[in-house]
Amino acid sequence: MAQYNIGYFIGSLATKSINRTLSKALIKLAPDSLSFTEIPIKDLPLYSYDYDANYPPEGTALKQSIEASDGLLFVSPEYNRSIPGALKNAIDWGSRPWGTNSFSRKPTGIIGASSGVIGTAVMQSNMRSVLSFLDAPQLNSPEAYINFKPGLIDADGNVSDASTAEFLTHYMNEFAAFVERVLDASAQGHIGDPEPVEKAEK
Ligand SMILES: Cc1cc2nc3c(=O)[nH]c(=O)nc-3n(C[C@H](O)[C@H](O)[C@H](O)COP(=O)(O)O)c2cc1C
């Protein structure tokens, strides 16, 4: 069985983040073909293109972590109907300097938990726009909007509700299959070399 290294982003900096809790459940329920490495975002400075000529170590480390991953999983809250600023900042770091977009052709999944009933749907829609621009293929189905209620997942990532555990397992199986499909297509030459997506934006 092929093995894939998944870099994952937690979109929240909060110590009691429900999305960090969700990530623990996802890792537990994922198939054995996936291993996981968190890509940390909290120590990144706020991005400016002033840094492009001399990228700081935090920015370089982030790009290297993305590039070393076979696939990327974003586990994020929705803040004010959009992507949390810390996560968007990390994505901006990974997309630059111009011509070195680290996200290009990386298979991605987006999932999130919210205390509200829309379960991060608007954040995910915004993320799809960003990742499309960055030329990162995304798992389109299943979508996963998690309405997080106290007790749903414990601190160790154990899911108390059987139907939620079943759904998250299904999501991770589908994500693994998607990563494999994208990488297979890439290896067979069906997906060409990455191009800088910023052509129109320089
Ligand atoms: C700045 C801020 C904005 C928020 N905006 C939304 C929102 O747009 N939609 C939503 O469902 N929940 C929103 N919430 C509530 C979050 O779903 C809730 O705080 C959740 O715990 C955040 O995930 P986290 O614990 O992983 O940070 C917001 C919370 C904060 C702190």
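Read in order, the letters of the sequence shown correspond to residues 500 to 701 in this note's numbering.
Using N, Cα and C, we set each Cβ at its ideal position, and we do this for glycine too.
Every value quoted in this text rests on a predicted model; they were computed, and no experiment measured them.
query, result
"Residue 646, DSSP secondary structure in three states", "strand"
"Cβ shell of residue 629 (< 8 Å), same chain only, five flanking positions each side left out", "582, 587 and 590"
"Contact under 8 Å by Cβ, residue 576 with residue 510", "yes"
"The segment 531-539 touching the segment 630-641, judged by at least three CB pairs closer than 8 Å", "no"
"Cβ contact (3+ pairs, closer than 8 Å) linking the segment 592-606 and the segment 660-673", "no"
"Supposed close pair residue 654, residue 520 - CB separation, criterion 8 Å", "7 Å"
"Short Cβ contact (8 Å threshold) for residue 585 with residue 541", "yes"
"Range of the contiguous alpha helix (DSSP H) that encloses residue 602", "Here residue 602 belongs to no alpha helix (DSSP H), and DSSP marks it neither H nor E."
"Near ligand 1: residue 517 beta-carbon under 7 Å from a heavy atom", "yes"
"Residue 618 vs residue 578 beta-carbon contact at 8 Å", "no"
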